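Novice: The structure that follows is given in the form of structure tokens.
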Amino acid sequence: MKKVVLLWVFIFASCGSGKLAKVNGVSFVSSREEVAQHHIAPVLDIQANYAAIMPFGFIRDLDSPELVFDSDHQWYGERREGARQYIQKMHQNGVSVMVKPQIWIHRGEFTGNMKMPTEKDWKQLEVAYEQFILLYAALAEETQSDMFCIGTELKTFVNERPEFWNSLIQKVKKVYHGELTYAANWDEYAKTPFWGQLDYIGVNAYFPLCEKENPTIQTLTEGWQPWKTEMRELSKQEDKPILFTEFGYRSMDFTGKKPWLVDRNQMNVNLQAQADATQVIFDEFWNEDWFAGGFVWKWFMQHDQVGGHEDNRFTPQNKPAESVIRRQFANVKQSSLQD
């Protein structure tokens, strides 16, 4: 039944303009507490129509096969119980949901480098990861969530164990009957082997754009062109739309140089660079018919306590970039209503 409904939505959204309504999403960060209406209000204020809900599993080291998830030691929003409550609250407010379970490795090690030393360890990791993903695929089905993401930035795991991933996708499809994607890092998506089995080519869009300390609109636009061409060609080749499963910029100098940086550096705050880079990504992609939209990285529940003019981190909250997002999402929403 859900597949039929999704197809009808696809046809309805495409009528008039010949284009799909875009995913105007936020990556809604898990918290220690339940989500309340006043936490959702800022999401509605920027006219977001989607939220990524992100329960977590934890691994000790890059070569450790032990995956801990849905544990009493985790924050409420990182567990199944909390994810369910977040999803339900979003749906009550008319916000669609992508369930996006993710892995955190101790000290913030990059998940793409996770590699097991032995076949036994790979097998142990696979058993645990399958349980982790199927737990949340079942939750996505129970809550009638709109999209499910089977993994995030797991380049080595995907490359080393292709048979596992093919099997996992088929098992997920038996549990969950909505749309599927995988969140590939910007440097892995072009070689991810299983796009044909999913509904979207998911890309975490932290592409390097330019070396400038204070990048201009023109410089950022020029920096996008080779990456944009590459994505357009892959979309055509696979006959699947591109979805930015994450996109965003730090509000700091050199924001277009290494947009993936999550370190706590003291780089000078540059609010305009973040706002300009955000505007450019909207200008370059949101009018393309092969592009499905994306999820801003990242959006915290306690809106009044985060971001601001002295913050050089990713969140656009309480910064000029928030106004850029609000304007873009509102324009897309209005265009959809007119169509």
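Mapping of the sequence shown onto my numbering: position 3 corresponds to residue 3, and the numbering continues sequentially without gaps.
We treat Cβ as the ideally placed atom computed from N, Cα and C, and that holds for glycine.
Here the structure is a predicted model, which means the values were calculated and not measured.
#1: Beta-carbon separation of Asn24 and Gly202 under 8 Å?
#2: Between which two residues does the alpha helix (DSSP H) carrying Ile40 extend?
#3: Looking only at its chain, what residues have a beta carbon closer than 7 Å to the beta carbon of Asn270, apart from the 5 residues adjacent to it on each side?
#4: Report the option in Phe132, Gln74, Glu34 and Gln102 whose CA atom is closest to the CA atom of Met54.
#5: Which partner residues of Lys307 appear in the DSSP bridge assignment?
#6: Going by the beta-carbon positions, is the gap between Thr245 and Phe295 smaller than 8 Å?
#7: Taking a contact to mean a Cβ-Cβ separation below 8 Å, would you say Lys100 touches Val35 in this structure?
#8: Taking all protein chains shown into account, decide if Leu198 is buried (16 or more other Cβ within 10 angstroms of its Cβ) or exposed.
#9: Cα-Cα, which of Asn159, Val127, Pro259 and His39 is closest to Lys171?
#10: Which of the three DSSP states is assigned to Ser27 in this structure?
#11: Specify whether the segment 67-79 and the segment 321-334 touch according to this definition: at least 3 beta carbon pairs, one from each stretch, less than 8 Å apart.
#12: Can the beta-carbon of Tyr98 be found closer than 8 Å to that of Tyr136?
#13: Would you give the residue range spanned by the alpha helix (DSSP H) that Leu139 belongs to?
#14: In angstroms, rounded to a whole number, what distance separates the CA positions of Cys15 and Phe58?
#15: In the DSSP assignment, find the alpha helix (DSSP H) that holds Asn166 and state where it starts and stops.
#16: Hey, Glu310 and Pro316 are a contact pair by Cβ (cut 8 Å); roughly how many whole angstroms apart?
#17: Using a Cβ-Cβ cut-off of 8 Å (strictly less than) and excluding sequence neighbours within five positions of Asp63, which residues of its own chain qualify?
Specialist: A quick look at the data gives this:
#1: In the sequence shown, the residue the question calls residue 24 occupies position 24. In the sequence shown, the residue the question calls residue 202 occupies position 202. No; because the gap between Cβ atoms is not below 8 Å, this pair is not in contact.
#2: The sequence position of residue 40 within the sequence shown is 40, counting from 1. Residues Gln37 to Asp45.
#3: Locating residue 270 in the sequence shown gives position 270, counting from the first residue. Asn214, Ser251, Met252, Asp253 and Thr255.
#4: As a position in the sequence shown, residue 54 is number 54, starting the count at 1. Comparing Cα-Cα distances from Met54 to each of Phe132, Gln74, Glu34 and Gln102, the minimum goes to Gln102.
#5: Taking the first residue of the sequence shown as position 1, residue 307 is located at position 307. The sequence as given places Gly at residue 307; Lys does not occur at that position. Gly307 pairs with nothing; no bridge assigned.
#6: For the purposes of this step, residue 245 is taken as the residue at position 245 of the sequence shown. For the purposes of this step, residue 295 is taken as the residue at position 295 of the sequence shown. It is a contact, given that the beta carbons lie within the stated cut-off.
#7: Locating residue 100 in the sequence shown gives position 100, counting from the first residue. Locating residue 35 in the sequence shown gives position 35, counting from the first residue. Taking 8 Å as the Cβ cut-off, Lys100 and Val35 do not qualify as a contacting pair.
#8: By one-based count along the sequence shown, residue 198 stands at place 198. Classification for Leu198: buried.
#9: Taking the sequence shown and counting its residues from 1, one reaches residue 171 at position 171. Out of Asn159, Val127, Pro259 and His39, Val127 has the C-alpha closest to the C-alpha of Lys171.
#10: Position 27 of the sequence shown holds residue 27. Strand, per DSSP.
#11: no
#12: The residue labelled residue 98 in the question sits at position 98 within the sequence shown. The residue labelled residue 136 in the question sits at position 136 within the sequence shown. Going by the sequence as given, residue 98 is Met instead of Tyr. Going by C-beta atoms, Met98 is not nearer than 8 Å to Tyr136.
#13: Along the sequence shown, one-based indexing puts residue 139 at 139. Per DSSP, Leu139 belongs to the alpha helix (DSSP H) from Glu119 to Glu142.
#14: In the sequence shown, the residue the question calls residue 15 occupies position 15. In the sequence shown, the residue the question calls residue 58 occupies position 58. The predicted model places Cys15 with a pLDDT of 36, which falls under 50 and marks its position as unreliable; any figure quoted below should be read in that light. Using only the alpha carbons, I get a separation of about 43 Å.
#15: The residue labelled residue 166 in the question sits at position 166 within the sequence shown. Segment Pro162 to Val175, the alpha helix (DSSP H) holding Asn166.
#16: Stepping through the sequence shown from its first residue, residue 310 is reached at position 310. Stepping through the sequence shown from its first residue, residue 316 is reached at position 316. That belief does not hold up - the Cβ atoms of Glu310 and Pro316 are roughly 14 Å apart, past 8 Å.
#17: The sequence position of residue 63 within the sequence shown is 63, counting from 1. Excluding sequence neighbours, Asp63 sits near Met114, Lys115, Met116, Pro117 and Asp121.
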